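Residue numbers (this note's numbering): 13 to 271.
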């Protein structure tokens, strides 16, 4: 089962984005209990900001929560496979924030085997960019700080942006690690951000693979925007001693048994 999104008009950009996400979240509640696989993909670049000088739409609710990501988390608890493509999804999809006032010990994904969250636009739930301008970028175009002009992301990429804000990404990877330890059947997981050159694919990602027959696990992280990986990520993934050291040095590790 799957849903594909349609592009909103620029003039109604915020209204259409919010209303469509709310509509999708509402429909997730009425999916048949027999649903095992689900794919949600939206039209290319729809959830990016109008241009790199501007923030994207703020998707936080009046409660300050990313209700869309929370709705997809609730759905994922009963699925076998879930794929999201070019959708703005936050850490709340993987693990509840303190503001939710949810007991995380009750969370378990008993059937989930495949989880793909790909080409996520590099914005926080409030629309802020998670990549800053890089003074050393070789981009030679022009973009005024107060511009509302539309943008061809596949041609002009992210303009001067190219330095990652590590804190939100570390929080995300920490949340993924906490969640994956409660996914006993998980074979494959990948989370990637949309790369600056969209057609070349992402080089900012986390990937987890597990052979259920042997228990062998591999975990890899790759960065193109200078992520500074923090210890809380290593702790959340349950890496200790030599394996923690190996992951710090190589950003990749294999484990015979995990967690």
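Every residue gets a Cβ at the ideal spot worked out from N, C-alpha and C, and that includes glycine. Please read all numbers here as calculations on a predicted model, not as lab measurements.
Cα separation between residue 138 and residue 94? Working through the chain shown from its first residue, we reach residue 138 at position 126. Working through the chain shown from its first residue, we reach residue 94 at position 82. C-alpha separation (whole angstroms): 24 Å.
With a 10 Å radius around its C-beta and 16 neighbouring C-beta atoms as the bar for buried, classify residue 118 as buried or exposed. Position 106 of the chain shown holds residue 118. Within 10 angstroms of the beta-carbon of residue 118 lie fewer than 16 other beta-carbons, which makes it exposed.
If you count every other CB in all the chains shown that lies within 10 Å of the CB of residue 120, and 16 or more means buried, which is it? To locate residue 120, count along the chain shown from 1; it is residue 108. Label assigned to residue 120: exposed.
When 181, 80 and 145 are compared against residue 244, the one with the closest alpha-carbon: Here residue 244 corresponds to residue number 232 of the chain shown, with the count starting at 1. Checked all of 181, 80 and 145; the closest Cα to residue 244 is 181.
Using 8 Å as the threshold, is the region 103 to 111 in touch with the region 184 to 191, meaning 3 or more CB pairs across them? Yes: at least three Cβ pairs fall under 8 Å.
For residue 30 and residue 175, the rounded distance between their alpha carbons: Within the chain shown, numbered from 1, the residue matching residue 175 stands at position 163. Within the chain shown, numbered from 1, the residue matching residue 30 stands at position 18. Spanning the two alpha carbons is a distance of roughly 28 Å.
Thinking C-alpha only, which one of 169, 178, 54 and 161 is nearest residue 152? Mapped onto the chain shown, residue 152 falls at position 140. Of 169, 178, 54 and 161, the residue nearest in Cα terms is 169.
In the DSSP output, which residue or residues are listed as bridge partners for residue 232? Working through the chain shown from its first residue, we reach residue 232 at position 220. Answer is 219 and 264, bridged to residue 232.
Is there contact here, the region 74 to 82 with the region 149 to 168, by at least three beta-carbon pairs under 8 Å? They do not touch, by the three-pair rule.
Around the C-beta of residue 203, are 16 or more other C-beta atoms found within 10 angstroms, so that it is buried, or is it exposed? As a working mapping, residue 203 is identified with position 191 in the chain shown. Buried, because 16 or more other Cβ atoms sit within 10 Å of the Cβ of residue 203.
My output table needs one value for residue 183: the three-state DSSP class, helix, strand or coil. One-based indexing of the chain shown puts residue 183 at position 171. When secondary structure is reduced to three states using DSSP, residue 183 falls in the helix class.
Could you pull out every residue in the same chain whose Cβ sits closer than 7 Å to the Cβ of residue 268, ignoring the five residues on either side in sequence? Stepping through the chain shown from its first residue, residue 268 is reached at position 256. Shown here for residue 268: same chain residues with a beta carbon closer than 7 Å to its own, the five before and five after excluded, namely 227 and 228 in chain order.
I'd like the list of long-range same chain contacts for residue 140, defined as Cβ closer than 6 Å, with 5 residues on each side in sequence excluded. Position 128 of the chain shown, counted from the first residue, corresponds to residue 140. So the list reads 67, once near-sequence residues are dropped.
Hey, how far is the Cα of residue 265 from the Cα of residue 177? For the purposes of this step, residue 265 is taken as residue 253 along the chain shown, with counting starting at 1. For the purposes of this step, residue 177 is taken as residue 165 along the chain shown, with counting starting at 1. Spanning the two alpha carbons is a distance of roughly 24 Å.
Cut-off 6 Å between Cβ atoms - residues of its own chain near residue 19, not counting five sequence neighbours on either side: Translated into the one-based positions of the chain shown, residue 19 becomes position 7. For residue 19, the predicted model reports a pLDDT of 36, less than 50, meaning its position is unreliable and no value from the coordinates is stated.
Helix, strand or coil, according to DSSP, for residue 154 in the structure here? Here residue 154 corresponds to residue number 142 of the chain shown, with the count starting at 1. Here residue 154 sits in coil by DSSP.
Note down, in chain order, each residue of its chain lying with its Cβ closer than 8 Å to the Cβ of residue 252, except the 5 sequence neighbours on either side. Working through the chain shown from its first residue, we reach residue 252 at position 240. Answer for residue 252: no residue qualifies.
Which first and last residues belong to the beta strand (DSSP E) in which residue 85 is found? Within the chain shown, residue 85 is the residue found at index 73, counting from 1. Per DSSP, residue 85 belongs to no beta strand (DSSP E); it is in the alpha helix (DSSP H), 79 to 88.
Out of 214, 197, 46 and 158, point me to the one whose CA is closest to residue 225's CA. Against the chain shown, residue 225 aligns to sequence position 213. Looking at the Cα atoms, 197 is the closest of the given residues.
Given this structure, state the Cα-to-Cα distance separating residue 209 from residue 161, to the nearest angstrom. Along the chain shown, one-based indexing puts residue 209 at 197. Along the chain shown, one-based indexing puts residue 161 at 149. Within the model, the alpha-carbon separation for residue 209 versus residue 161 is close to 20 Å.
Between the CA atoms of residue 247 and residue 223 - distance to the nearest angstrom: Position 211 of the chain shown, counting from 1, holds the residue named residue 223. Position 235 of the chain shown, counting from 1, holds the residue named residue 247. Taking the straight line joining both Cα atoms gives about 22 Å.
Residue 120, enclosing alpha helix (DSSP H) - first and last residue: Indexing the chain shown from 1 puts residue 120 at position 108. It is not in any alpha helix (DSSP H) - residue 120 carries neither H nor E in the DSSP assignment.
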